[in-house]
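First comes the structure, then the notes that go with it.
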Amino acid sequence: MRGFRDHDHVETLDGMVFTVVGNVHPPGRVLAYLKYRRLDGGYKRVLERYSMMDLEATLRLLSEEAPQHLFRDERLGFEFSAPMKTMIKRHLKPEARLGWILSRGGDKLERLAGELASRLSGMSGVDPGCFGVTGSILLGIHHQLFSDLDLTVYGRDASLRVMEALKGIARRGGGGFERFSLEDLRAIYSERGLGSALSFKDYAVVYRRLWNRGLYKGVFFSVHPVKLEGEVEESYGDRLYRRLGEASIEATIAEAVDSIFYPGVYGVEDVQVLEGLKVDDLREIVCFEGLYCGIAVPGERMRAKGVVEKVEDKGREWHRLVVGSRGTPGYMKPV
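Mapping of the sequence shown onto the numbering used here: residues 2 to 336, in sequence order.
This is how it looks when you write it as structure tokens:
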């Protein structure tokens, strides 16, 4: 049965619109961040920028005005927004919205989103039904001049095929697809990267590695891989995470298949602690910041800073480095 998936949207009875985070949720609730709220018959954007500072601001707003939507996640040891399922009025599914666009058309931006999905389907051989459209188009509150084309692709195999297709078009160019110019990157850094731990130079290096973002016919687009229910190996509560301290490391990427999903998970080996807490058996870098998802390949040496956590899972224990944790944004970049 289809559950609540990463990049779905939900609207609550009190007019709050949340973007779903990941596929693993506590019983009776949906982990999601507040993005819009209904005011004066329309929707007002609450999350101005995709930064930890702005996310914290949404949590403060909920604490003051709608604390029922907050939930203390005992697995992670902190409070996050997670509306109760009984409070959800609408569950907006990206694949249903895209299906409507493909069958009926819509306005200029909606048609462009459908065209992009069809192009990616043709280039990758992935069925059109494996795609969806999220963001403001999912809600139907997009702006013709300023909104982006935000797509989803469902399933590990489909996601990998789309990734290879987009990497191929990035190498060849043309077909309406463009790479970001230096001016584009400066604008993106100004909007999204100023709160990061990276200089503009490092940010640009990392951003150019993102296979799932670019320009299509002059409009910014993104493609977000999402696992299907049968591909999610963890149920809520299976694992406990205990924050131990901060560290900066260098490590060799051993496995990166799950790095393209959210959160992005890299298996690592040959770990060297440069600064901070030293632990044995640090096996993973886990990225809760989309900027660092899918940017490294096996065999590559990467540098990362974040929070060291102890993971307990059915009698097994190991450590991981979390990049994008609340209070410690961290970073990941090539050596």
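Just so you know, even glycine gets a beta-carbon here, dropped at the ideal spot from N, CA and C. Bear in mind the structure is a predicted one, so any value in this text is a computation, not a measurement.
Considering only the beta carbon of each residue, do residue i and residue j sit closer than 9 Å?
i, j, result
"LEU152", "PHE132", "yes"
"GLU247", "LEU278", "yes"
"ARG304", "PRO335", "yes"
"PRO95", "ASP9", "yes"
"ARG1", "LEU56", "Residue 1 falls outside the range modelled here, since the chain spans only 2 to 336, and no answer is possible."
"HIS225", "THR329", "no"
"VAL207", "SER160", "no"
"ARG30", "ALA83", "yes"
"ARG187", "ARG50", "no"
"ALA190", "TYR204", "First, the residue type needs correcting, since residue 190 is Tyr and not Ala in the sequence shown. Yes."
"ARG76", "GLY238", "yes"
"VAL47", "LEU71", "no"
"ARG209", "PHE181", "yes"
"SER52", "SER223", "no"
For residue i, which option in the options has the closest C-alpha, if you only look at C-alpha atoms?
i, options, result
"LEU245", "ARG6, LEU292 and HIS320", "HIS320"
"LEU283", "TYR263, ILE261 and VAL309", "VAL309"
"CYS288", "VAL298, GLN273, SER260 and VAL272", "SER260"
"VAL233", "SER64, MET124, GLU192 and ASN24", "ASN24"
"ARG302", "ASP185, GLU290, ASP281 and GLU270", "GLU270"
"ARG214", "SER249, SER191, VAL274 and LEU150", "LEU150"
"ILE102", "LEU93, HIS92 and ALA114", "ALA114"
"PRO68", "ASP74, GLU75 and LEU60", "LEU60"
"VAL274", "THR253, LEU121, LEU48 and LEU216", "THR253"
"VAL127", "TYR155, ARG172 and MET53", "TYR155"
"ARG3", "VAL312, GLY231 and GLY300", "GLY231"
"TYR332", "LEU139, GLY291, GLY16 and GLY123", "GLY291"
"VAL323", "GLU313, ASP281, VAL298 and SER249", "SER249"
"MET88", "TYR293, LEU229, GLU12 and ARG209", "GLU12"
"GLU313", "GLY300, TYR37, VAL298 and ARG243", "ARG243"
"TYR37", "PHE19, SER52 and PRO28", "PHE19"
Quick one: Cα of residue i to Cα of residue j, how far?
i, j, result
"GLU66", "SER236", "31 Å"
"LEU1", "LYS315", "With the chain running from 2 to 336 in the structure shown, residue 1 is simply not present."
"SER200", "LEU183", "14 Å"
"ASP158", "GLY295", "15 Å"
"TYR34", "GLY175", "36 Å"
"ALA166", "GLU256", "21 Å"
"VAL21", "LYS45", "18 Å"
"LYS90", "GLY43", "16 Å"
"HIS26", "GLU285", "21 Å"
"SER125", "VAL163", "5 Å"
"LEU139", "VAL220", "17 Å"
"VAL280", "LEU14", "46 Å"
"GLY325", "MET54", "12 Å"
"ARG73", "ARG120", "42 Å"
"ILE170", "SER122", "13 Å"
"SER137", "SER148", "7 Å"
From the DSSP secondary-structure annotation, give me the bridge partner or partners of residue i.
i, result
"GLU251", "GLN273 and ARG304"
"ARG209", "DSSP, once it has assigned bridges, lists no residue as partnering ARG209."
"PRO226", "VAL154"
"ARG327", "In the DSSP output, where bridge partners are listed per residue, ARG327 has none listed."
"PHE178", "GLY175 and TYR217"
"ASP239", "Bridge partners of ASP239: none, in fact."
"TRP319", "VAL312"
Could you check whether the region 103-114 touches the region 141-148, counting it as contact only if at least three pairs of C-beta atoms, one from each stretch, sit closer than 8 Å?
In short, these stretches touch, since the Cβ pair count reaches three.
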